[in-house]
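If you read the sequence shown in this note's numbering, its first letter stands for residue 153, the second for the next number, and so on. Here a beta-carbon is modelled for each residue, glycine too, at the ideal position from N, C-alpha and C.
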Amino acid sequence: MSVIVELLLPVLALICWTLVMWLWMYATRIPAMQKAQIDPDAARHPGTYGDRMPANVRSVADNYNHLHEQPTIFYALMFFAALTGGQGNFMELMAWIYVGLRIVHSFVQILSPKVAVRFMVFALASITLFIIAGHEVVRILL
């Protein structure tokens, strides 16, 4: 396997995890909407019937949306590193740490009402992104 592919495997893993969350979201959302007798056409705007959806169903959808926010920075950083020669054990390790923390974040957000725990995992993932970005800045500029 090429070093570029090895660096980008965590990207593929997080993309696949996001798709798993998509499946989980609709596996919980559709039955919840049916149970609450929500007409899909009447719920075309986000949050329209959020108060009629169970918290655990909303949490899955929230997490799916979160996987389209901060991870975009991760994707950009990893492609930047791959395209500019930033492969290496350190980058691969940091990338896998980030992906692992995002998966843990998903489970915490969906299965636990503890916002402080979720924030801690989010903060660790954020710090990991800062480290990856800092590493790339130093590598490119120095």
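Our two residues, Ser264 and Asp203, have alpha carbons roughly 19 Å apart in a direct line. Closest by C-alpha distance to Glu288, out of Leu276, Trp248, Met230 and Leu245, is Met230. Within the segment 240–290, the alpha helix (DSSP H) runs of at least 4 residues that lie entirely inside it are, in chain order, 241–263. Judged by their CB atoms, Leu253 and Thr224 are not nearer to each other than the 8 Å cut-off. Distance between Met153 and Gly240, taken at the CA atoms: about 14 Å.
Judged by DSSP secondary structure, Met230 falls within the alpha helix (DSSP H) whose first and last residues are Pro223 to Leu235. The continuous alpha helix (DSSP H) containing Asp214 extends over residues Ala207 to His218. With contact defined as three or more Cβ pairs closer than 8 Å, the segment 204–220 and the segment 164–180 are in contact.
Scanning His220, Thr236, Ala285 and Leu293 for the CA closest to the CA of Ile167 turns up His220. With distances taken between CA atoms, Ser211 lies nearest to Ser258 out of Ala275, Leu276, Ser258 and Val163.
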